[in-house]
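Asker:
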Amino acid sequence: MEKLYHVDFDDTHGAEYAILPGDPGRVEKIASRLDNPRFYHRNREYTTWLGELSGRTVMVMSTGMGGPSTAIAVEELYKTGVRTFIRVGTCGGMADCVVGGDLVVATGAIRMEGTTREYVPVEFPAVANLEVTNALVEASDRIKPGRWHAGVVQCKDSFYGQHSPERMPAGRELMDRWDAWIKAGCLASEMESAALYIVCQILGARAGCVLSVVWNQERERKGMDNPHSHDTGPAIDAAVEAVRILIGRS
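In terms of the working numbering, the sequence shown opens at residue 297 and continues consecutively.
1) Which of helix, strand or coil does DSSP assign to Lys299?
2) Tell me the start and end of each unbroken beta strand (DSSP E) in the stretch 413-499 that is at least 3 residues and wholly inside, in chain order.
3) Can you check which of these residues, Ala311, Val449, His445, Pro530, is closest to Lys375 by C-alpha distance?
4) Quick one: Cα of Trp511 to Cα of Ile478, how far?
5) Where do the N-terminal and C-terminal ends of the beta strand (DSSP E) with Arg383 fall, by residue?
6) Do Val303 and Leu373 have their C-beta atoms within less than 8 Å of each other?
7) Counting Cβ pairs closer than 8 Å, one from the stretch 446-462 and one from the stretch 350-357, do we hit at least three?
8) With DSSP as the reference, identify every bridge partner of Tyr374, one or two as the case may be.
9) Could you check whether the stretch 412-430 touches the stretch 520-529, counting it as contact only if at least three pairs of C-beta atoms, one from each stretch, sit closer than 8 Å?
10) Is Thr403 helix, strand or coil by DSSP?
Below is the structure:
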């Protein structure tokens, strides 16, 4: 096949599994957890490395920030043969029980973004694949026992719409929805899971997501203890372990 326009490679890599961070700077760090890690390609926001787990080729590729670039990444990787996708990233806690340094396995995503509305009406839910989610839960419990959560996350387009809603013309709506998500039990907020889940659902691929909690603005607002953590290592380890589990069950 010809090289695809955005990722700029074809189907000769041989990977059926892909771990997807947003940040290109995390790709090499993740790939170092694999056997025989090696740089593969770089184009636009898509930095790609390859490695092996249990004798199978695994890809690590950055998606950039937000839904549009994530959707493009998944579409093009699927065309090259990838069938299982795991996002590993960061999030901000929303539920009081979610503390900086915890892991969140996203079972579903609130579609408060625009990309997926150009795939399917908003009433269709963005949910993770059960096999991938179970593997991520098992892996998270091994990596951080007692420090992981599984549930719904909010997926947004605007980082500053969340953190500075009072200065936005749509601020009242943003704040009302934020309160609604919290009352409904939403665990955390991030920016890519909904696009990953909806695109994979439509393509017939498997997807899951594990997130490292940086902090919790609701705990901060309430004067609760609110540790900050920028250590993405446990989430990376959980994603890699989940791929190993899935390969073992294939």
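Virtual Cβ for every residue (Gly too), placed ideally from N, Cα, C.
These figures come from a predicted structure and were not determined experimentally.
Answerer: The answer reads as follows:
1) coil
2) 444-452, 484-486
3) Ala311
4) 16 Å
5) 380-389
6) yes
7) no
8) Its beta-bridge partners do not exist; DSSP assigns none.
9) no
10) strand
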